[in-house]
Amino acid sequence: MTTTLPQVQVLNYLEKQQLTRPILDMSCREEILLRSGVKVSERLIEKVQKRVSSTSPHGITLDIILIHCVWYLISRHYTRHRPDPLCLVPHLRIDNTALLAEKAVISLMTPFFSGEVKALCIPDAICDVIVGNVEGARSPEDPDMSVMVGATTTRAQTKREAVTKPLRVPDIERHVGVDREQLFKLQQEDPRILALVDAGKTSRRGGKIVFFEKARGIVYRRYQDLGRNVDVKQVVLPKSLREYVMSVAHDSITGADLGIRRTKDKVLSNFYWPGVDGDVTKYCRSCDVCQRTVKKGTVPRVPLEKVPLIDTLFKKVTIDLVGPINPPSEAGHRFILTLVDYATRFAEAVPLRKIDTESVAEALVDIYSRLGVPEEVLSDQGTQFISDCMKEVCRLLGIKQKTTTPYHPMCNGLVERFNATLKTCLCRLCSEQPRQWHRYINPLLFAYREVPQESTHFASFELMNGGLCEGPCISCVSFGRRRTKNQA
1 MTTTLPQVQV LNYLEKQQLT RPILDMSCRE EILLRSGVKV SERLIEKVQK RVSSTSPHGI
61 TLDIILIHCV WYLISRHYTR HRPDPLCLVP HLRIDNTALL AEKAVISLMT PFFSGEVKAL
121 CIPDAICDVI VGNVEGARSP EDPDMSVMVG ATTTRAQTKR EAVTKPLRVP DIERHVGVDR
181 EQLFKLQQED PRILALVDAG KTSRRGGKIV FFEKARGIVY RRYQDLGRNV DVKQVVLPKS
241 LREYVMSVAH DSITGADLGI RRTKDKVLSN FYWPGVDGDV TKYCRSCDVC QRTVKKGTVP
301 RVPLEKVPLI DTLFKKVTID LVGPINPPSE AGHRFILTLV DYATRFAEAV PLRKIDTESV
361 AEALVDIYSR LGVPEEVLSD QGTQFISDCM KEVCRLLGIK QKTTTPYHPM CNGLVERFNA
421 TLKTCLCRLC SEQPRQWHRY INPLLFAYRE VPQESTHFAS FELMNGGLCE GPCISCVSFG
481 RRRTKNQA
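Read in UniProt numbering, the sequence shown has 171 at position 171, and its numbers run on one by one without any break.
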């Protein structure tokens with residue numbers, strides 16, 4: 001690849017007396033080596049000589065070339081702008097005139113020379129770095145191809161050069177060195193194993209003929225699986241080795257933290273001890289990794305129990321939060337606090353700007369001041385409901401707090417069903433003015449309380465106040481009747 005040097009940056013010269021020798025004195029080199037592999041050949045020098053001789057009658061000399069070129073020359077652009085007088089070094093140019101140049105120590109890495117060198121800083125140089133006749137420099141025909149200057153690294157090269165991090169696995173080397181003699185000694189120290197051998201009983205368990213025997217001093221458990229027609233031989237493990245075997249079968253890289261049944265099958269394929277089923281079950285259930293990575297909702301459900309029917313007004317209520325709602329209202333509300341009474345299904349909803357404990361507590365106290373203080377309050381485990389401030393409010397009002405199971409909203413299904421109805425109706429009411437949704441909450445609550453509930457078959461307003469609510473529909477009918485009576 002050839003690189004063309006800009007004409008503006010080729011020379012920086014000073015007019016001197018007429019020269020009778022070549023402008024560049026390279027002594028034993030024919031070319032000037034550049035950092036990026038660019039070469040200034042004799043053709044370029046001849047063109048420069050012709051250009052100079054035609055433009056200047058006195059001739060010129062290159063301002064950046066020294067006799068024998070025994071120093072490195074770098075552009076003044078790569079050093080500080082104001083030279084230090086103590087770092088200025090005098091050098092002779094070809095025309096025997098002195099040149100003051102700043103000296104710098106740089107780290108150089110090129111295909112022709114690499115290392116820490118001393119260089120002269122020249123303003124307006126024809127290139128970044130010029131390597132002259134210095135000891136250790138390589139020939140232009142023999143560059144070091146392993147040095148990549150100004151090269152780019154592709155994504156494929158980055159992937160090939162990426163260092164693979166070692167895989168971190170649990171340490172299972174603690175008891176690998178247990179030999180037959182050590183196993184025999186450990187079995188002799190376990191009294192339960194000796195009792196099994198002394199009993200020597202043969203029993204049938206689940207289609208298996210089970211018995212214990214000694215072979216070369218080691219106690220084994222043998223049984224014949226009549227269903228598969230195979231003979232299984234298991235080592236009876238002493239107590240000191242049981243936890244290690246369960247760790248290898250469950251926690252190791254080959255165990256993969258499988259479930260209780262598969263871990264038990266892996267252990268029983270080679271080992272046995274009294275109570276192995278219960279020990280493996282406890283070990284797997286107490287595994288920290290398994291508890292952290294279990295899928296939400298896969299925990300077996302507890303059998304249903306009878307729940308007492310609430311028949312007293314505001315004896316038990318349930319609360320929840322809806323939001324954040326987008327877009328927020330013009331008043332800055334982004335959340336809604338909802339409350340539903342278990343006995344009457346009477347619902348309340350309060351718009352909130354923020355859902356910190358203080359804001360939620362103030363809204364609840366406002367509801368309690370109008371409807372009464374309940375005996376029990378059911379909520380999820382949100383920080384607003386289980387904080388110390390909320391606990392103190394409930395203590396002062398004599399309210400008993402209850403929380404639902406984490407990630408199990410069905411436990412609070414009454415208020416969750418109301419939240420769904422609230423969001424659907426609110427979206428329909430404020431479709432033309434979405435930023436005014438906080439003003440539609442009270443009309444929505446009136447519509448919800450006016451109609452009978454599916455579970456009670458009575459309107460919540462009727463159960464709360466002991467009578468029917470006269471809404472717009474009843475007013476229209478009564479107005480029509482009064483009008484007919486007057487006309488009559």
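Cβ atoms here follow ideal geometry from the backbone N, Cα and C, with glycine treated the same way. These numbers come from a predicted model, not from an experiment.
(Q) Can you tell me where the beta strand (DSSP E) holding V117 begins and where it ends? (A) S114 to I122
Q: Grab the span of the alpha helix (DSSP H) containing P351 for me, first residue to last.
A: Taken as a continuous stretch (DSSP letters only), P351 belongs to no alpha helix (DSSP H), being part of the beta strand (DSSP E) at A347 to L352.
Q | Cα-Cα separation between C394 and K400, rounded to whole angstroms | A | 7 angstroms
**Q.** CA nearest to the CA of K185, picked from D257, L237, R439 and F385
**A.** L237
Q. Which full runs of the beta strand (DSSP E) of 3+ residues lie inside the segment 290–377, going along the chain?
A. 316–322, 335–341 and 347–352
Q: Note down, in chain order, each residue of its chain lying with its Cβ closer than 6 angstroms to the Cβ of residue 494, except the 5 sequence neighbours on either side.
A: Since the first residue shown for the chain is 1 and the last is 488, residue 494 is missing from the structure and cannot be characterised.
Q) Okay, do the segment 401–409 and the segment 366–375 touch, 3+ Cβ pairs below 8 angstroms being the bar? A) no
Q. Nearest to I218 by CA position, among L196, N229 and V230, is which residue?
A. L196
Q. In three-state terms, what does DSSP make of R145?
A. It is Met, not Arg, that sits at residue 145 in the sequence shown. Here M145 sits in coil by DSSP.
Q) Quick check: the segment 377–387 against the segment 350–366, are there 3 or more CB pairs under 8 angstroms? A) yes
Q: Please say whether Y448 and L426 have beta carbons closer to each other than 8 angstroms?
A: no
Q: Spell out a yes or no on whether the segment 324–336 and the segment 273–281 are touching, meaning 3 or more CB-CB pairs, one atom from each, closer than 8 angstroms.
A: no
Q: Rank A459, V289, E102 and I130 by C-alpha distance to the C-alpha of S114 and give the top, closest one.
A: I130
Q: In angstroms with no decimal places, state the Cα-to-Cα distance between K266 and P191.
A: 25 angstroms
Q. Grouping DSSP H, G and I as helix and E and B as strand, with all else coil, what is Q188?
A. helix
(Q) I need the straight-line Cα distance from V245 to S269, nearest angstrom please. (A) 12 angstroms
Q | Rounded separation between F418 and G467 - CA only | A | 23 angstroms
Q: Would you mind reading off the limits of the beta strand (DSSP E) that contains D277?
A: Taken as a continuous stretch (DSSP letters only), D277 belongs to no beta strand (DSSP E), being part of the alpha helix (DSSP H) at V276 to R285.
Q | L396 versus M390 - alpha carbon distance | A | 10 angstroms
Q) If you follow the beta strand (DSSP E) that V232 is part of, which residue opens it and which one closes it? A) V230 to V236
Q. What's the gap between the Cα of K239 and the Cα of L304?
A. 40 angstroms
**Q.** Between the CA atoms of P166 and residue 489 - distance to the nearest angstrom
**A.** In the structure as shown, the chain begins at 1 and stops at 488. Residue 489 is therefore absent and cannot be evaluated.
Q. What residues in its chain sit with their C-beta under 8 angstroms from that of L445, if we drop five residues either side in the sequence?
A. A347, E348 and A349
Q. Taking the DSSP output, what are the residues bridged to A459?
A. P452
(Q) With H, G and I counted as helix, E and B as strand and the rest as coil, what does DSSP make of E470? (A) coil
Q: Alpha carbon to alpha carbon, how far is L429 from T344? Give it in angstroms, no decimals.
A: 25 angstroms
Q) Since E213 sits in a beta bridge, which residues does DSSP pair it with? A) Y220
Q: List the residues that DSSP assigns as beta-bridge partners of D272.
A: A quick correction: the sequence has Tyr, not Asp, at residue 272. Paired residues: V236.
Q | Bounding residues of the alpha helix (DSSP H) (the contiguous stretch that carries K159) | A | R155 to E161
Q: Given a cut-off of 8 angstroms, decide if K306 and Y342 are closer than it, judged by their beta-carbon atoms.
A: no
(Q) Just to confirm, is the Cβ distance from Q436 to S329 under 8 angstroms? (A) yes
Q: In angstroms with no decimal places, state the Cα-to-Cα distance between E416 and A459.
A: 19 angstroms
**Q.** Reference E432; option with closest CA among P327, L339, L352 and D388
**A.** P327
Q) Taking all protein chains shown into account, do 16 or more other C-beta atoms lie within 10 angstroms of the C-beta of S139, making it buried, or fewer, making it exposed? A) exposed
Q | Nearest-angstrom Cα separation, counted from P452 out to residue 501 | A | No information on residue 501 is available, as it lies outside the stretch 1 to 488 that the chain covers here.
Q: Express the C-alpha separation of Q224 and E213 in angstroms, rounding to a whole number.
A: 14 angstroms
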